[in-house]
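Below you'll find the structure, written out as structure tokens, and then a few comments.
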């Protein structure tokens, strides 16, 4: 839209089916989005209109809510779902507080998808070839790239907490400061968009696939969650003596009860399960533990005021609005139903069958398809439409034969 049209308040409309568009293009049958595929109105969030600092030509981006033309929120909007979850907390006098940790890879351009991704050529003329976790060296040649990333983050008002080189080849992580879930979802979305745009300016690509490289850790989007009282700001996970409260354990219990049903909301693509089936620091379970990265629900070491639950299931490929909505809805469900958490597990442990999560896209699809809890919390229209879209994506993947199949399976008699 032109700047003049936006400033005049001209309404921008969008076909409802676009909210269920598959990742490779295409749409499920129109019955999943109203049969007639009518329009939605895109209403800009006034606090999320940004001039894009990396664009040489003046451009702006406005994050919008997708609403029905009569003003009702669209049931297909993931941002709308997150707003509904936050409102359910508010109805109980509570406010969830979250932070996201986003991991990503910085690669050289990859014009041939049949070839693996490669790190960029560094200042020493070589590509990174080994793990450089937490390294402070700058021979990767990415200092100019990250310098512009930081400047653009500041221009967009994206406060960053910590930044580091992660475990994988040319893999990095940035932690955003904790705050309101809707604000953090907007910030995470903006940050991913910023990364990809700035990388292109520098002759690089940023990849937020869950598992872009074999034999290498995947990329997560861990979600840190706590709940405070409205007004006082008191963390309801800790009592006056600094001990964990029943609400803390109920929140964990809700996550444990729902994560298997909701796995597809955290791991939305075929590639997501490459990360979860090779679970180095990416646990595919609903166990909980104090400061143990083998647990899907980790309780980081912290002061009582900062007691929180880290959901380690979502990948970097997850929709931040949907992942936050699903995780927070699960925790609130546990509080409302006063669900009990399992016993915590420490050290190396075997995952009990009841806390094992789906490890393939097909299994996760079937689990979500049959979930009455998902329908109860997110509505039948969204769950059926989402499942239909993801089923098309899975079928598209199985339309192709992979190099592994040709290489390994062609020879045996």
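Numbering (this note's numbering), first residue to last: 222 to 634. Ideal placement from N, C-alpha and C gives every residue a C-beta, glycine not left out.
Buried versus exposed, by CB contacts within 10 Å (16 or more), residue i
i, result
"residue 616", "exposed"
"residue 279", "exposed"
"residue 509", "buried"
"residue 544", "buried"
"residue 569", "exposed"
"residue 448", "buried"
"residue 551", "buried"
"residue 268", "exposed"
"residue 541", "buried"
"residue 556", "buried"
"residue 635", "Given that the chain is displayed from residue 222 to residue 634, the structure contains no residue 635 and the question cannot be resolved."
"residue 477", "buried"
"residue 420", "buried"
"residue 245", "exposed"
Nearest neighbour of residue i, chosen from the options [CA to CA]
i, options, result
"residue 640", "381, 403 and 346", "In this structure the chain extends from 222 to 634, so residue 640 is not present and cannot be described."
"residue 530", "520, 536 and 539", "520"
"residue 567", "512, 597 and 483", "512"
"residue 326", "431, 311 and 375", "431"
"residue 473", "406, 491, 506 and 452", "506"
"residue 435", "357, 581, 553 and 494", "494"
"residue 412", "389, 367, 445 and 555", "367"
"residue 292", "276, 589, 268 and 261", "261"
"residue 498", "438, 538 and 442", "438"
"residue 553", "350, 348, 356 and 312", "312"
"residue 345", "563, 480, 594 and 358", "358"
"residue 445", "392, 320 and 383", "320"
"residue 290", "235, 533, 496 and 492", "235"
"residue 465", "479, 601 and 525", "525"
"residue 610", "628, 590 and 595", "590"
Sheet register partners of residue i (DSSP bridge)
i, result
"residue 445", "320 and 531"
"residue 400", "319"
"residue 326", "392 and 428"
"residue 261", "235"
"residue 518", "509 and 532"
"residue 282", "271"
"residue 294", "288"
"residue 381", "397"
"residue 387", "Partner(s): none; residue 387 has no beta bridge."
Beta-carbon proximity list for residue i, same chain, < 6 Å, skipping 5 on both sides
i, result
"residue 272", "281"
"residue 452", "none"
"residue 224", "none"
"residue 389", "437 and 438"
"residue 255", "237"
"residue 384", "395"
Close beta carbons around residue i, own chain, < 7 Å, minus the five adjacent residues each side
i, result
"residue 565", "509, 510 and 511"
"residue 603", "296, 297 and 302"
"residue 314", "450 and 451"
"residue 376", "274"
"residue 455", "449"
Cβ-Cβ separation, residue j to residue i (assumed contact under 8 Å), whole Å
i, j, result
"residue 426", "residue 330", "6 Å"
"residue 576", "residue 471", "Their Cβ separation, rounded to whole angstroms, is 17 Å, which puts residue 576 and residue 471 out of contact at 8 Å."
"residue 489", "residue 539", "6 Å"
"residue 374", "residue 415", "7 Å"
"residue 243", "residue 266", "Their Cβ separation, rounded to whole angstroms, is 26 Å, which puts residue 243 and residue 266 out of contact at 8 Å."
Cβ neighbours of residue i in the same chain (closer than 8 Å, five flanking residues each side left out)
i, result
"residue 372", "274"
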